[in-house]
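Oh and the sequence shown: position 110 is 429 in the working numbering, straight run, nothing missing. For each residue, glycine too, the CB sits at the ideal point set by N, CA and C.
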Amino acid sequence: MNYYELIFTILEAESHHQDLLIDELASLGFDTFEETDLGFKAYIPSDDFDKAEVDERLGYYSDMVSFSYEVNLIPQRNWNEVWESNFKPIELGDKIRVRATFHEAKPEFPYEIVIDPKMAFGTGHHDTTCLMMETMLDNRVEGKKVLDMGCGTGILAILAGMLGSGSLTAIDYDMLCYKSTIENAALNNIKGVHVLCGSKEEIPDEEFDLILANINRNILIDQMDRYAEVLKAGGHVYFSGFYETPDLAIIKEEAAKVGLSYESHKVSANHWVAAKFVKA
Ligand SMILES: C[S@@+](CC[C@H](N)C(=O)[O-])C[C@H]1O[C@@H](n2cnc3c(N)ncnc32)[C@H](O)[C@@H]1O
320 MNYYELIFTI LEAESHHQDL LIDELASLGF DTFEETDLGF KAYIPSDDFD
370 KAEVDERLGY YSDMVSFSYE VNLIPQRNWN EVWESNFKPI ELGDKIRVRA
420 TFHEAKPEFP YEIVIDPKMA FGTGHHDTTC LMMETMLDNR VEGKKVLDMG
470 CGTGILAILA GMLGSGSLTA IDYDMLCYKS TIENAALNNI KGVHVLCGSK
520 EEIPDEEFDL ILANINRNIL IDQMDRYAEV LKAGGHVYFS GFYETPDLAI
570 IKEEAAKVGL SYESHKVSAN HWVAAKFVKA
């Protein structure tokens, strides 16, 4: 299959915003991304490329980030090689290691997560995934009934399973992520994960002790009332996928409206946040 390659150049000072563009492109069907010195490259099967749609969707970010891109049509290539050259294992302290199937195992890490990267978000290379995993390590997950909303590769649900969670439900509206979570849960021997493809309406009418939601500010705000509905009194929700300024204050305000009280947060060097809330 032929692919289109889009080569993005991003103003250096704004390069921390490139994840927003990558998320948007992923939702349009771009399935592989490579970092470059000047920005990144994005790839999409030639039949799925619609330049007008790309311009319309990325236009939304033009006030935030200055970028340009050029388009090349490229012949079939070996995508496994691309992934192998891009995906380096991630180590969080001496506890968590995220690696791909093709990396050597390091059993000295108590939580070694194996991800078949494919194209779903959540290889641990994004600040928000790391912040969520750190928040999970710092708190008690053992025995808790967990909902992972926007599960991507399933990385957070898998870590929850490794930390001894009770039942696990993982939801993503992207079919690729849904399949990827099923595959990666099996790869890590995490049994009984209830994986669903869909959005807010798929959240089952059950009570959860812990909700993990690393999506983005607007979707979190949109789904927050439902999270509050299905969270047990005293249960926690960890939110990520937004920046410290101005997003955290907005998230706190919206959370308070549905009875979720802010407890604490962590910030990455690139100003991404993971925040912990409790239902009174
Ligand atoms: C930032 S990624 C997080 C992936 C993974 N949980 C992690 O922490 O690395 C956000 C995920 O949310 C999914 N998503 C976005 N909007 C959604 C929605 N409205 N309902 C369900 N999933 C959604 C995306 O497909 C993507 O996999």
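Does the Cβ of G480 lie closer than 7 Å to at least one heavy atom of ligand 1? Counting from one through the sequence shown, the residue named residue 480 turns up at place 161. Judged by the Cβ position, G480 fails to qualify as a neighbour of ligand 1 at the 7 Å threshold, every heavy atom of the ligand being at least this far.
In angstroms with no decimal places, state the Cα-to-Cα distance between E573 and E372. Here residue 573 refers to the residue found at position 254 of the sequence shown. Here residue 372 refers to the residue found at position 53 of the sequence shown. Taken atom to atom, the span from the alpha-carbon of E573 to that of E372 is near 31 Å.
By how many angstroms is the C-alpha of H590 removed from the C-alpha of L377? Residue mapping note: residue 377 aligns to position 58 of the sequence shown, counting from 1. Residue mapping note: residue 590 aligns to position 271 of the sequence shown, counting from 1. Going from the Cα of L377 to the Cα of H590 covers about 21 Å.
6 Å Cβ shell around L515 - same chain, five flanking residues per side excluded: Working through the sequence shown from its first residue, we reach residue 515 at position 196. Within the same chain, L515 has close Cβ partners I490 and E521.
Contact check, S580 vs L450, beta carbons under 8 Å: Start at 1 with the first residue of the sequence shown, and residue 580 comes out as number 261. Start at 1 with the first residue of the sequence shown, and residue 450 comes out as number 131. No; because the gap between Cβ atoms is not below 8 Å, this pair is not in contact.
Using three-state DSSP, classify R459 as helix, strand or coil. Here residue 459 refers to the residue found at position 140 of the sequence shown. R459 carries a coil assignment under DSSP once its states are collapsed to helix, strand and coil.
Taking the C-alpha atoms as reference points, what is the distance between D457 and L487? For the purposes of this step, residue 457 is taken as the residue at position 138 of the sequence shown. For the purposes of this step, residue 487 is taken as the residue at position 168 of the sequence shown. D457 and L487 have their C-alpha atoms some 19 Å from each other.
May I have the straight-line CA-CA distance separating V390 from K360, to the nearest angstrom? Here the question's residue 390 lines up with position 71 in the sequence shown. Here the question's residue 360 lines up with position 41 in the sequence shown. Rounded to the nearest angstrom, the two C-alpha atoms are 10 Å apart.
Have a look at T448, F561, G578 and E324 and flag the residue whose alpha-carbon is nearest the alpha-carbon of K551. Within the sequence shown, residue 551 is the residue found at index 232, counting from 1. Nearest C-alpha to K551: G578.
Who are D467's beta bridge partners in DSSP? Walking along the sequence shown from the start, residue 467 turns up at place 148. D467 pairs with A489 and L531.
Touching or not, the region 530 to 543 and the region 497 to 509, by the rule of three or more beta carbon pairs under 8 Å? The region 530 to 543, when compared against the region 497 to 509, does not touch it at the 8 Å Cβ threshold.
Considering only the alpha carbon of each residue, which of P426, G412 and K407 lies closest to A419? Here the question's residue 419 lines up with position 100 in the sequence shown. Ranking P426, G412 and K407 by Cα distance to A419 puts K407 first.
Start and end residues, alpha helix (DSSP H) containing S583: Translated into the one-based positions of the sequence shown, residue 583 becomes position 264. Careful: S583 lies outside any alpha helix (DSSP H), inside the beta strand (DSSP E) at L579 to V586.
Among the candidates Y557, E563, T564 and D566, whose CA atom is the shortest distance from the CA of F635? Outside the shown range of the chain, which is 320 to 599, sits residue 635, and nothing can be said about it.
Candidates L495, P426, R459 and S484: which alpha carbon is nearest T351's? Position 32 of the sequence shown, counted from the first residue, corresponds to residue 351. Each of L495, P426, R459 and S484 was checked against the Cα of T351, and the nearest Cα belongs to L495.
Does T355 pass the burial test, meaning 16 or more other C-beta atoms within 10 Å, or should it be called exposed? Against the sequence shown, residue 355 aligns to sequence position 36. The residue is exposed, with fewer than 16 neighbouring Cβ atoms inside 10 Å.
Taking contact to mean 3 or more Cβ pairs, one atom from each stretch, closer than 8 Å, check whether the region 498 to 505 and the region 538 to 554 are in contact. Using a Cβ-Cβ distance cut-off of 8 Å, the region 498 to 505 and the region 538 to 554 are not in contact, since fewer than three pairs of beta carbons, one from each stretch, lie closer than that value.
Is the Cβ-Cβ distance between I329 and F386 less than 8 Å? Position 10 of the sequence shown, counting from 1, holds the residue named residue 329. Position 67 of the sequence shown, counting from 1, holds the residue named residue 386. The Cβ-Cβ distance between I329 and F386 falls below 8 Å.
Using 7 Å as the cut-off, classify the Cβ of M455 as near or not near the heavy atoms of ligand 1, replying yes or no. Indexing the sequence shown from 1 puts residue 455 at position 136. In this structure, ligand 1 has no non-hydrogen atom nearer than 7 Å to the beta-carbon of M455.
In three-state terms, what does DSSP make of K601? Look at the range of the chain in this structure, 320 to 599, and you will see that residue 601 is not part of it.
Would you mind reading off the limits of the alpha helix (DSSP H) that contains N503? Indexing the sequence shown from 1 puts residue 503 at position 184. Here the alpha helix (DSSP H) through N503 covers M494 to L506.
Using only alpha-carbon positions, find the residue among G358, H336, I363 and L357 that is nearest to A345. Mapped onto the sequence shown, residue 345 falls at position 26. Of the candidates G358, H336, I363 and L357, I363 places its Cα closest to the Cα of A345.
Given this structure, state the Cα-to-Cα distance separating L478 from E431, to the nearest angstrom. What you label residue 478 is simply residue 159 of the sequence shown in a count that begins at 1. What you label residue 431 is simply residue 112 of the sequence shown in a count that begins at 1. Going from the Cα of L478 to the Cα of E431 covers about 9 Å.
With hydrogens ignored, establish whether the beta-carbon of H445 is closer than 7 Å to any heavy atom of ligand 1. Start at 1 with the first residue of the sequence shown, and residue 445 comes out as number 126. Within the chosen limit of 7 Å, ligand 1 reaches the beta carbon of H445 through at least one heavy atom.
Give the secondary structure of P523 by DSSP, where H, G and I count as helix, E and B as strand, and everything else as coil. Within the sequence shown, the letter at position 204 stands for residue 523. DSSP places P523 outside both helix and strand once states are collapsed to three, so it counts as coil.
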